[in-house]
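I have placed the structure first, in the form of structure tokens, so that the comments after it can refer back to it.
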């Protein structure tokens with residue numbers, strides 16, 4: 001399974017607009033391919049194809065709590081369609097939809 005990798009604001013907006021304009025899809029939170037480095041690189045990266053690439057474009061939630069608020073291994077990135085396409089960090093322990 002491949003998860004979504006968002007490299008530009010245009011891509012982020014395309015996904016958000018498609019999702020919000022498609023009947024029957026819930027305005028929920030979905031996993032992406034973003035994760036905090038597990039190899040000690042102290043960065044957020046896209047875990048799609050090795051070597052994993054550091055995030056260039058970012059769309060973290062800007063309001064308190066400002067995201068990402070946990071910069072440590074074991075955290076992944078999700079996109080919220082209830083909060084206009086902003087990204088959040090969360091532990092990988094939680095089951096969510098995938099996109």
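In the UniProt record's numbering, the protein residues as written are 1 to 99. C-beta atoms are modelled at their ideal positions from N, C-alpha and C, and glycine is treated no differently. Note that this is a predicted model, so its numbers are computed, not measured.
With contacts defined by Cβ atoms closer than 7 Å, residue 32 and residue 3 form a contacting pair. A contact between stretches requires three or more CB pairs, one per stretch, nearer than 8 Å, and the stretch 22 to 38 meets this requirement with the stretch 63 to 73. When 7, 86, 16 and 28 are compared, the shortest CA-CA separation from residue 66 is found for 86. Here residue 41 has no same chain residue with a Cβ atom under 6 Å from its own Cβ, once five neighbours each way along the sequence are excluded.
Relative to the Cα of residue 26, the nearest Cα in the group 61, 81 and 62 belongs to 81. Sixteen is the threshold: since fewer than 16 other Cβ atoms of the shown chains lie within 10 Å of the Cβ of residue 21, the residue is exposed.
Here DSSP, grouped into helix, strand and coil, assigns residue 39 to coil.
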